[in-house]
Structure formats: structure tokens, C-alpha cells
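Below is one structure, written out as C-alpha cells, with a few remarks after it.
Number of protein chains: 2
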Amino acid sequence: MEESDLSVIETSQTNALSKREARRQAILVAAAKLFLEKGYGATSLSDVVACSGGSLSTLYDMFGSKAGLFKELVTGRCREITGALAEAEADGKDVRRALMEQAHRLFDLVLSPDAVAVIRLIIAEGQQFPELAELFYASGPDSGRARVAEYLSSRARRGELAIDDPDGAARCFCSLVLGDFQMRAACGLAVRLDEQEKARHIAAAVETFLKAHAPERSA
Amino acid sequence: MEESDLSVIETSQTNALSKREARRQAILVAAAKLFLEKGYGATSLSDVVACSGGSLSTLYDMFGSKAGLFKELVTGRCREITGALAEAEADGKDVRRALMEQAHRLFDLVLSPDAVAVIRLIIAEGQQFPELAELFYASGPDSGRARVAEYLSSRARRGELAIDDPDGAARCFCSLVLGDFQMRAACGLAVRLDEQEKARHIAAAVETFLKAHAPERSA
DNA sequence: ACTGTAATGTAATCTACATTACGTTCATCG
DNA sequence: CGATGAACGTAATGTAGATTACATTACAGT
Numbered sequence: 002m003e004e005s006d007l008s009v010i011e012t013s014q015t016n017a018l019s020k021r022e023a024r025r026q027a028i029l030v031a032a033a034k035l036f037l038e039k040g041y042g043a044t045s046l047s048d049v050v051a052c053s054g055g056s057l058s059t060l061y062d063m064f065g066s067k068a069g070l071f072k073e074l075v076t077g078r079c080r081e082i083t084g085a086l087a088e089a090e091a092d093g094k095d096v097r098r099a100l101m102e103q104a105h106r107l108f109d110l111v112l113s114p115d116a117v118a119v120i121r122l123i124i125a126e127g128q129q130f131p132e133l134a135e136l137f138y139a140s141g142p143d144s145g146r147a148r149v150a151e152y153l154s155s156r157a158r159r160g161e162l163a164i165d166d167p168d169g170a171a172r173c174f175c176s177l178v179l180g181d182f183q184m185r186a187a188c189g190l191a192v193r194l195d196e197q198e199k200a201r202h203i204a205a206a207v208e209t210f211l212k213a214h215a216p217e218r219s220a
Numbered sequence: 002m003e004e005s006d007l008s009v010i011e012t013s014q015t016n017a018l019s020k021r022e023a024r025r026q027a028i029l030v031a032a033a034k035l036f037l038e039k040g041y042g043a044t045s046l047s048d049v050v051a052c053s054g055g056s057l058s059t060l061y062d063m064f065g066s067k068a069g070l071f072k073e074l075v076t077g078r079c080r081e082i083t084g085a086l087a088e089a090e091a092d093g094k095d096v097r098r099a100l101m102e103q104a105h106r107l108f109d110l111v112l113s114p115d116a117v118a119v120i121r122l123i124i125a126e127g128q129q130f131p132e133l134a135e136l137f138y139a140s141g142p143d144s145g146r147a148r149v150a151e152y153l154s155s156r157a158r159r160g161e162l163a164i165d166d167p168d169g170a171a172r173c174f175c176s177l178v179l180g181d182f183q184m185r186a187a188c189g190l191a192v193r194l195d196e197q198e199k200a201r202h203i204a205a206a207v208e209t210f211l212k213a214h215a216p217e218r219s220a
């Protein structure tokens with residue numbers, strides 16, 4: 002029975018599943034909007050349902066509790082956000098250009114409204130959900146930093162940079178690029194930087210990094 | 002009547018005031034402990050009173066509301082924390098030494114449990130209390146950065162550093178020193194650094210900064 | 001001692017949810 | 001068609017906590 006008419010079963014099941022999946026997504030979208038915008042405590046599940054359509058009962062059926070919905074939401078957002086870092090592949094370019102591009106990517110990603118809202122939530126609810134911070138850091142900043150460190154190492158091996166502690170250098174690079182903008186944004190302060198100021202800041206950060214890690218001329 | 006026996010009036014008034022003041026302080030201390038430790042939402046005013054002694058009525062009489070108590074508490078903490086930066090005065094020392102000392106001060110201050118708890122609260126309740134972030138940044142990081150910028154300028158004028166944008170350089174210095182430790186701490190992740198690692202990190206930050214801003218030899 | 005004022009303790013009020021229960025609707029499947 | 005189970009909507013239920021009201025007490029100034 003399970004094997005014979007897969008097609009029929011599949012269509013019906015995919016219909017059912019996709020319906021359920023659609024509800025699920027709708028709830029997650031609504032929850033994202035409300036949680037990220039108003040915070041955990043200030044968002045009621047009735048609000049979420051009012052915004053997503055569907056019923057409270059379904060929400061409880063799917064997520065079990067407010068905390069369950071929240072955790073699912075934040076972990077999903079973490080994956081999305083940190084996934085956006087993966088596409089680097091700048092092996093042929095010269096170091097300055099590669100670092101500039103990486104710096105822009107990093108800056109834009111970390112200061113995107115979504116990422117800011119997520120980190121704000123993680124900080125705000127860190128007492129109740131300590132797992133979230135660990136998860137976020139492991140999948141985001143830490144793996145990103147490791148990638149940067151690896152890149153720096155490879156360039157150091159070719160003599161294009163002077164790096165003795167790749168991990169420290171990577172931290173240094175990220176810190177220079179991000180400055181205190183992330184913290185300011187997390188605090189809710191408007192980070193007002195037009196494109197020109199942003200470009201100037203990033204260029205300065207990269208130049209500082211390069212100057213500090215320039216290979217010795219006489220060696 | 003007002004002028005004649007000031008002393009008597011004063012003693013009685015100071016007694017009364019100091020009593021009131023004592024209550025006030027007790028409440029603020031208890032509130033600090035609970036708010037900083039458990040967060041705004043998770044702390045009830047009954048908890049505060051239970052911890053401070055006195056009565057709920059007095060609390061309301063003095064602070065008007067939960068939000069009022071919170072604001073008073075956080076602004077007070079901001080003043081205390083940021084006040085601790087003021088004593089620099091390192092004019093005779095050489096640049097490296099002065100920067101090292103400043104870096105240590107900055108690092109210890111920003112990562113002190115109190116400062117971490119305060120910034121965590123500011124971030125968590127930023128939606129409800131946007132003033133707090135502005136106040137904190139104005140009195141803390143911004144004025145601190147300005148002082149660093151001024152110092153760097155003065156050394157640049159003497160040719161001991163190459164600085165074209167003092168404010169940018171100050172941001173750079175602070176970012177290098179703090180790394181992402183502040184954000185990690187705010188997220189509740191344990192920042193495990195023994196004294197040696199800390200010293201190494203700070204030394205590396207200062208060296209990086211100096212290398213990037215060394216005055217040109219051939220000029 | 002007498003009075004007004006500030007401080008206390010207790011308990012009532014009110015509101016806002018999280019969570020659960022239940023009766024209804026609707027589509028899918030046999 | 002009739003049954004099964006998901007999804008729905010609504011309305012309890014229960015709790016927690018902010019805020020207020022009130023009756024009582026301590027105490028300074030006369």
C-alpha cells in the first residue's frame with residue numbers, strides 16, 4: 002500500500018505537507034517580524050497569530066510553547082544570516098582587493114537590520130536561552146573568523162603578509178572593520194553612515210591592517 | 002524662623018533626609034543586584050522590596066514606577082562606570098607605555114561584570130528606553146574616544162605618531178583593544194582569558210596600532 | 001502629650017498573557 | 001457517502017505582577 006501508488010499518496014501528502022509547511026512558514030514569518038521588532042517579552046502569541054493567520058491551537062501544535070517557537074525562529078535566522086558569508090573564493094586577486102571585498106561583505110552582513118535584530122534578541126534573552134548565543138557564535142563569528150584566519154595564513158605563506166598569529170590577526174581584521182558599529186546598532190543607536198563614509202571607514206580599516214602586517218622589506 | 006536656628010532644622014532635616022536617602026540607596030542597591038542579574042522583565046518590584054527592606058509604597062513614592070526606578074538605576078550606573086575612565090594623565094611617558102596603560106584600563110573597565118551587565122540591559126530594553134543608550138554612549142564611549150583622539154593628536158603634533166584622522170584612529174585603537182570580547186560578554190559567553198592571554202592580546206593590539214601609525218622615517 | 005507627616009505592611013484591583021479545553025469546519029481517503 | 005483527523009476559533013483557566021488603597025505605626029517639632 003505504501004509502495005504501490007506513490008504518486009497519489011505523494012500528491013496528497015505533499016499537499017497536506019505543503020499546507021502545513023505554509024502555515025509553519027507564515028507563523029515563523031509573523032513571529033520573526035514581531036519578535037525581532039518588539040522583543041520576546043513584548044510579543045504575545047495572540048499577536049503572532051493575529052499577524053500570521055491560522056489559530057493559536059495550530060501554533061501550539063507545531064511549536065509546543067512560546068519558547069519553542071522562539072528558539073526555532075532564532076536558530077533558523079542564525080543559519081540564514083551566517084550562511085550568507087560562505088561565498089568568498091578570491092584566490093586570484095591581490096591581497097588588498099580581496100580584503101576590501103571581504104571587509105565590505107562582513108560590514109554589510111553584520112550591520113544588516115536582520116543580523117542586528119538577532120543579536121539584540123540573543124543578548125536580551127541570553128539568560129533564558131544561553132544555547133542561542135553559543136549556537137550563533139559557533140556557526141557565525143567563529144567559523145567566519147576561522148575562514149579569514151585561513152586566508153591570511155595562506156597569504157602569509159606566500160610572503161604577501163607578515164602574520165605570526167593567524168587567529169589573532171583575523172580578530173584584528175574583523176575588529177578594525179566592524180569598529181563599534183555593531184555595538185552601537187545593537188544598542189538601538191542609528192548608525193548613520195552614507196556610502197562614502199562607509200567606504201572611507203572600510204578603506205581605512207584595510208589600510209591599517211595592511212600597514213601593520215606588511216611583509217618585511219629587508220628579509 | 003527659617004534663618005534663626007538653622008542648626009536644629011538642619012540636624013533634623015539631615016536626619017530625615019539621610020534616613021530617606023538610606024532607604025533610597027538600599028532600594029537602588031537591591032534593584033541593581035536584581036535588574037543586573039535577572040533583567041528588567043524577570044525582576045518584580047516585590048522582589049526588590051523583599052531584598053531591600055522597606056515597603057512597596059515607599060518605593061512607589063520615591064521612584065514613581067518600575068520604569069522610573071530602572072531609569073534612575075541605569076543612569077546612575079552609567080555615571081559610575083564612565084567616571085572610572087577619567088584619571089589618565091600620562092604626559093611624560095613614552096607613547097607605547099601610555100597606550101599600553103590606557104589599553105589595560107579600557108579593557109578592564111569595559112569587561113568588568115558591572116559594565117557588561119549594564120550594556121546588556123541597555124541593549125535588552127533599548128526599545129522601551131532609547132534614552133539610556135544615548136546617555137550611555139554620550140557619557141561613556143564617545144567622551145572616552147574623544148579623550149583618546151586628543152591624546153593621539155597631541156602625539157602626532159610632536160611627530161611621535163602619524164595620524165591624519167584622530168577620531169578614526171581613536172576608534173581604531175579602541176576596536177583593536179576590545180576586539181569582540183565585549184560583544185561576546187554581552188551575549189553571556191564566558192570570556193575566558195587568563196592574565197597572560199589578556200596581556201598578550203593587549204600588547205598585540207598596541208603593537209598593531211603603533212605599526213600602523215608609525216611616523217615616516219624618511220620625512 | 002499632641003499633631004502632622006512620612007514610612008510601613010497588607011491586601012485589593014486590574015491587566016496581560018501563556019496555556020488548555022472544547023466544539024466546529026473542512027478536506028482527504030476508503 | 002461517511003469517517004477520520006487536521007486546522008480552526010473562541011472561550012475558559014491560571015498565574016504573575018504592576019499599581020493603588022487603606023489602615024497602622026514611628027517620629028520629629030511644638
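Protein chains in written order, with our numbering: chain A, 2 to 220; chain B, 2 to 220. Cβ coordinates follow ideal geometry from the N, Cα and C atoms, glycine included.
DSSP, read as helix, strand or coil, puts B:H214 in coil.
Taking CB atoms only, A:I82 has no neighbour in chain B less than 8 Å away. With respect to the C-alpha of A:D115, the residue from A:R201, A:I124, A:E38 having the closest C-alpha is A:E38. Secondary structure within the stretch 166-217 of chain A: the alpha helix (DSSP H) runs of 4 or more consecutive residues, fully enclosed, are 167-179, 182-187, 196-213 (chain order).
Pairing A:A150 with A:P167 gives a Cβ-Cβ distance under 8 Å.
Legend: CB atoms of the stretch 95-126 of chain A lying less than 7 Å from CB atoms of chain B belong to residues R121, I123, I124, A125. 8 Å or more divides the Cβ of A:F36 from the Cβ of A:L112. Taking 8 Å as the CB threshold, A:Y138 lines the interface with chain B.
In this structure, DSSP gives A:E126 a state outside helix and strand, which the three-state scheme calls coil. A:D143 and B:R97 have their C-alpha atoms spaced approximately 30 Å apart. Inter-segment contact for the stretch 103-110 of chain B and the stretch 159-178 of chain B is present: three or more beta-carbon pairs are separated by less than 8 Å. Around the C-beta of A:G145, 16 or more other C-beta atoms lie within 10 Å, and the residue is accordingly described as buried. Ranking A:R24, A:L211, A:C79 by CA distance to the CA of A:S58 puts A:R24 first. Residue environment analysis places A:R193 among the exposed positions, since fewer than 16 neighbouring C-beta atoms fall within 10 angstroms of its C-beta. Boundaries of the alpha helix (DSSP H) harbouring A:P131: 131-138, taken from the DSSP string. Within its own chain, the residues whose Cβ lies closer than 8 Å to the Cβ of A:K94, once the five positions on either side in sequence are excluded, are E102, listed in chain order. CA-to-CA, the gap between B:A215 and B:E161 works out to about 8 Å.
Each residue's CA atom was taken as its position, placing A:A43 and B:I164 some 46 Å apart. In its chain, beyond the 5 residues on either side, A104, L177, V178 have a beta carbon closer than 7 Å to the beta carbon of A:A206. Against B:T209, the close residues of chain A are C173, A213, in the order they occur along the chain (beta-carbon pairs closer than 7 Å).
For B:G69, the secondary structure class from DSSP, reduced to helix, strand or coil, is helix. Residues of the stretch 181-194 of chain A with a Cβ closer than 9 Å to any Cβ of chain B, in chain order: D181, Q183, M184, R185, A187, C188, G189, L190.
DSSP, read as helix, strand or coil, puts B:I164 in coil. Scanning chain A for C-beta atoms nearer than 8 Å to the C-beta of B:K39 yields Q128, reported in chain order. Annotated three-state conformation of A:T44 is coil, per DSSP. Taken through DSSP and simplified to helix, strand or coil, A:A150 comes out as helix. Under the Cβ distance rule, A:A200 does not count among the residues neighbouring chain B, no pair being separated by less than 8 Å. Against chain B, the CB of A:L162 has no partner CB under 8 Å away; the residue lies outside that interface. Look at A:R158 here: in three-state DSSP terms it is helix. DSSP places A:L112 in no alpha helix (DSSP H); its state is neither H nor E. Using a Cβ distance threshold of 8 Å, A:L133 and A:G77 do not count as a contacting pair. Taken through DSSP and simplified to helix, strand or coil, B:G93 comes out as coil. Chain-order list of chain A residues neighbouring B:P142: D181, M184, R185, by C-beta distance under 9 Å. A residue is called buried once 16 or more other Cβ atoms fall within 10 Å of its Cβ, and B:E81, having fewer, is exposed.
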